[in-house]
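The block underneath contains the structure these notes are about, expressed in structure tokens.
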Amino acid sequence: MQELTHYINGEMVKGTSGRFTDVYNPATGEVQAKVPLATIEELNKAIEDAAEAQVAWANTNPQRRARVMMKFGALINEHMEELAELVSKEHGKTIPDAKGDVQRGLEVVEVCMGAPSLLKGEYMDNGGPGIDLYAMRQALGVVAGITPFNFPAMIPLWKMAPAIACGNAMILKPSERCPSTSLRLAELLTEAGLPKGVLQVINGDKEVVDGILDNETIQAVGFVGSTPIAQYIYGRAATNGKRAQCFGGAKNHMIIMPDADMDKAADALIGAGYGAAGERCMAISVAVPVGQETADKLIEKLVPRIEKLKVGPYTAGDDVDYGPVITAASKERINKLITSGVEQGADLVIDGRDFSLQGYENGFFCGPSLFDNVTPDMEIYKEEIFGPVLSTVRTENYEEALDLIMTNNYGNGTAIYTADGDTARDFAHRVNVGMVGINFPIPVPLSYFSFGGWKKSAFGDLNQYGPDAFKFYTKTKTVTARWFSGIKDGAALNFKAMD
Ligand code: NAD
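Under the working numbering, the very last position in the sequence shown is 1126; numbers go up by exactly one each time.
As structure tokens, then:
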């Protein structure tokens, strides 16, 4: 069986702890590799080496650092097929979806090619008599990225590219379920010219994460994962005096107004609800039709579309709409939540619990499920299911629909489908959610904006990628300068007689 490694000082390095965790092929249910779980000693040594490498890297001019990003971007493009395959093999998503995963990370690398213009700082001429002020943005030192399983390329790239372009070194702790893409990306960064030690990929579990949070050299922590862990990491990092931004889970709603194009709304819900088996933090998991007639029409449009969905392994190519979920435990949890929905009185219109695929009976596949008449007190509404399950909460009017979203604990993404600009504008203005789609189901902002939720979907300050990332990964130093009159007034050059 394949034994995976860490990536330390420019090389794949075997783990020394003797502790491993299994990496599955979710389509077959087989263990395909084992990944080492680092010790605190391995972690601390990697951090020490990163700190040493960071000094020269921060002193490398920003344009030269940006050139590494340019080469890195070219290499990602060149290796797109290989990277997508690595993603699919461990995560299970389809190849086109895996390419999207790589592509949305690559777009952040592309913004980092222009890092110098985002690192320029500020200047005030004559802030007082003969006084100038300037503020510079300097790298933090060694920072850490801790990432989830569901975007094995995109989220590590969101972390590493801006941190490194700003002149930091990074310790990346990818998800132990999908570690291979991060290891390969680190290798490509070295090939692009990144000095050894500036990016260290350390595999591990809670022990390593706690080691990162308690290590005094680590200046900042960027986390993405589930809400309880995000909150925990934010608390411990902040207590230890670190800068922290921790992005958590979600429960994203889509309002369907009576004037919406119902075919377009149904198509959008299929992609946003069932794509990637619902394992996206921006997945739409709650459809909120306004009015009984809208709800009836929507369900009528959704059912045949859901029945047509093809579930299978990524190796089946274009024939598949979505793949397995990540683990057997995840499948079991999803099925239990569906059962709780039935027990609590929701209407299970389509039941995906008994799904089985010939030849892949041990794979972690879930059929698509659709609920109608879900109410906010039910477990299926309250929990982030993270599976191919769409819940419908019927509402009587727009205000009731908006209130449902406003009072939900999460605030990552949301969407509205309507033909009315006034309603859409009101929604975008009032809703307390970080990313809003208008006739757009998964409003992940492009890489030159930034990504972040509100409420329990994010802890800390500033968003991921875009201009916010350049603020997060640098600290401001402000200089107030005055120069007394000197050589220009001739004071130093004139031969002066003694008074
Ligand atoms: P997770 O919280 O289980 O794991 C995320 C990371 O935290 C992993 O690297 C893992 O090793 C580590 N970790 C897990 N348990 C830990 C513990 N007890 N102590 C310290 N570290 C721990 O999340 P996941 O299952 O990998 O990812 C899915 C979750 O991520 C979903 O909730 C999803 O909504 C969320 N997510 C959020 C965003 C966002 O930007 N808001 C993006 C993608 C995914």
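We put the beta carbon where it would ideally sit given N, CA and C, even for glycine. Quantities reported herein were computed from a predicted structural model and do not represent experimental measurements.
- Annotated as proximal: isoleucine 961 and cysteine 993, with beta-carbon spacing under 8 angstroms.
- One thing to note: threonine 655 has its Cβ within 8 angstroms of the Cβ of asparagine 989.
- In this structure, DSSP gives serine 715 a helical state, which the three-state scheme calls helix.
- Of the candidates Asp999, Gly986, His633, Asp999 places its Cα closest to the Cα of lysine 924.
- From the listed residues Ser1112, Arg1109, Val952, Ala1096, the smallest Cα separation to arginine 764 is found for Ala1096.
- Closest in alpha carbon position to threonine 1034, among Asp1053, Tyr1008, Lys661, Leu1017, is Tyr1008.
- Uninterrupted alpha helix (DSSP H) stretches at least 4 residues long and entirely within the region 1026 to 1065 occur at 1048 to 1057, given in chain order.
- Closest by C-alpha distance to phenylalanine 850, out of Gln858, Val930, Thr844, is Gln858.
- Minimum Cα-Cα distance from glycine 950 among the listed residues Ser715, Ala871, Leu702 corresponds to Ser715.
- In this structure, DSSP gives alanine 660 an extended state, which the three-state scheme calls strand.
- Secondary structure in the region 910 to 946: the alpha helix (DSSP H) runs of 4 residues or longer, each lying completely within the stretch, are 919 to 934 in chain order.
- Sequence-distant Cβ neighbours of arginine 980 in its own chain, meaning closer than 8 angstroms and more than five residues away, are Asn962, Ile965, Thr966, Cys993, Gly994, Ser996.
- Residues of the same chain with a CB within less than 6 angstroms of the CB of asparagine 652, apart from the 5 flanking positions on each side, are Gln659 in chain order.
- Pairing proline 689 with leucine 746 gives a Cβ-Cβ distance under 8 angstroms.
- Boundaries of the beta strand (DSSP E) harbouring cysteine 873: 870 to 874, taken from the DSSP string.
- Residue side-chain check: glutamate 1010 keeps its Cβ at 7 angstroms or more from all non-hydrogen atoms of the ligand NAD.
- Alanine 1085 carries a strand assignment under DSSP once its states are collapsed to helix, strand and coil.
- Residues Ala680, Ala683, Trp684 of the same chain have their beta carbon placed closer than 7 angstroms to that of proline 822, with the five preceding and five following residues left out of the count.
- Lysine 1009: member of the alpha helix (DSSP H) spanning 1006 to 1009, first to last residue.
- Exposed is the label assigned to isoleucine 1114, since fewer than 16 other Cβ atoms lie within 10 Å of its Cβ.
- Alanine 771 carries a strand assignment under DSSP once its states are collapsed to helix, strand and coil.
- In the displayed model, serine 1112 falls within coil according to three-state DSSP, outside both helix and strand.
- By the Cβ neighbour-count rule, tyrosine 901 is buried, with 16 or more other Cβ atoms within 10 Å of its own.
- For phenylalanine 874, the Cβ falls inside the 7 angstroms cut-off from some heavy atom of the ligand NAD.
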